Amino acid sequence: MPNHYDFDGRVALVTGGASGIGEAVVERLRSGGADVHVFDLANGDDVRDSTRLNAAVDALPGLDVLVCCAGVGGDSLHTEDVSDEEWERVHAINLNGVFYANRAAIPKMKAGGYGRIVNVASIAGKEGNPMAGAYSSSKAGVIGITKSIGKDVAGSGILVNCIAPAVIMTPMLGGLSEEHLEYMTSRIPLARMAHKDEYKGAIVFLVSDASSYMTGANLVVDGGWTSW
Numbered sequence: 009m010p011n012h013y014d015f016d017g018r019v020a021l022v023t024g025g026a027s028g029i030g031e032a033v034v035e036r037l038r039s040g041g042a043d044v045h046v047f048d049l050a051n052g053d054d055v056r057d058s059t060r061l062n063a064a065v066d067a068l069p070g071l072d073v074l075v076c077c078a079g080v081g082g083d084s085l086h087t088e089d090v091s092d093e094e095w096e097r098v099h100a101i102n103l104n105g106v107f108y109a110n111r112a113a114i115p116k117m118k119a120g121g122y123g124r125i126v127n128v129a130s131i132a133g134k135e136g137n138p139m140a141g142a143y144s145s146s147k148a149g150v151i152g153i154t155k156s157i158g159k160d161v162a163g164s165g166i167l168v169n170c171i172a173p174a175v176i177m178t179p180m181l182g183g184l185s186e187e188h189l190e191y192m193t194s195r196i197p198l199a200r201m202a203h204k205d206e207y208k209g210a211i212v213f214l215v216s217d218a219s220s221y222m223t224g225a226n227l228v229v230d231g232g233w234t235s236w
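Numbering (our numbering), first residue to last: 9 to 236.
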């Protein structure tokens, strides 16, 4: 039986909550009693649009939990083949989108004196994957801004952390080459990709009151990748 966290009365916003890790987190938060709202491209919501994100947050009755799962894997390209457009697209979604969502959430959380933010980074942001310069740097940026924002809001009642997953069986893998996937899987001692449900526990822990002394942390959940 999975650990149960009580989120009764909590209002949550999950970007990228219509599929993958985000969908699993939405289900887990709702099962714990949270009022969960989804901001996802499937519903016409684009994290690159800061105005739309601001409006979505403003429309909420309050905000206690933000989980930023929206992201894109980018194309599997060697460095010299990455176009300006691809570089900018990946960073706009993976990094700018996370920053915009955090920025929008903080005033509402400060007003309530409480907040839990979790940003989904990647092990690529720590290790740097070949054929993934844009993706790796965007996720390194997510780790960096998580640490920065966590310190910036320390003492306000808001805690900001991130997780660094390894390769996951989600629709985001669609643009990656077989060579790229084989490289990532070969780095994992557990010798397999993760299922989206294997990350929701770490995220739900970080947005619960059990994480009350954690902020600015990057929780690595990578099947042993970084244990080499």
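Ideal Cβ placement from N, Cα and C applies to all residues, glycine included. All figures in this text were calculated on a predicted structure; none of them were measured in a lab.
Item                                                                                                                                                  : Value
So what's Val-175 in DSSP terms, helix, strand or just coil?                                                                                          : coil
Per DSSP, what are the beta-bridge partners of Thr-23 in this structure?                                                                              : Phe-47 and Cys-76
Quick check on the burial criterion: 16 or more other C-beta atoms within 10 angstroms. Buried or exposed for Ala-50?                                 : exposed
Let's test the definition: count the other Cβ atoms within 10 Å of the Cβ of Thr-87 and tell me whether it reaches 16, buried, or not, exposed.       : exposed
Distance, Cα to Cα, Ala-305 vs Val-90?                                                                                                                : What is shown of the chain runs 9 to 236, which leaves residue 305 out entirely.
Once you ignore the five residues that flank Gly-24 on each side, which residues in its own chain have a CB closer than 7 Å to its CB?                : Gly-30, Asp-48, Cys-77, Ala-78 and Gly-79
If contacts are defined as beta-carbon pairs under 8 Å, then Val-168 and Val-161 qualify, I think. What distance do you get, rounded to the angstrom? : 6 Å
What residues match up with Val-228 in a beta bridge as DSSP calls it?                                                                                : Ala-172
How about Ile-125 and Ile-171: do their beta carbons lie closer than 8 Å?                                                                             : no
Can you tell me which of the three DSSP states Ile-114 falls into?                                                                                    : helix
Helix, strand or coil, according to DSSP, for Gly-123 in the structure here?                                                                          : strand
To the nearest angstrom, report how far apart Pro-138 and Ile-131 are at their CA atoms.                                                              : 13 Å
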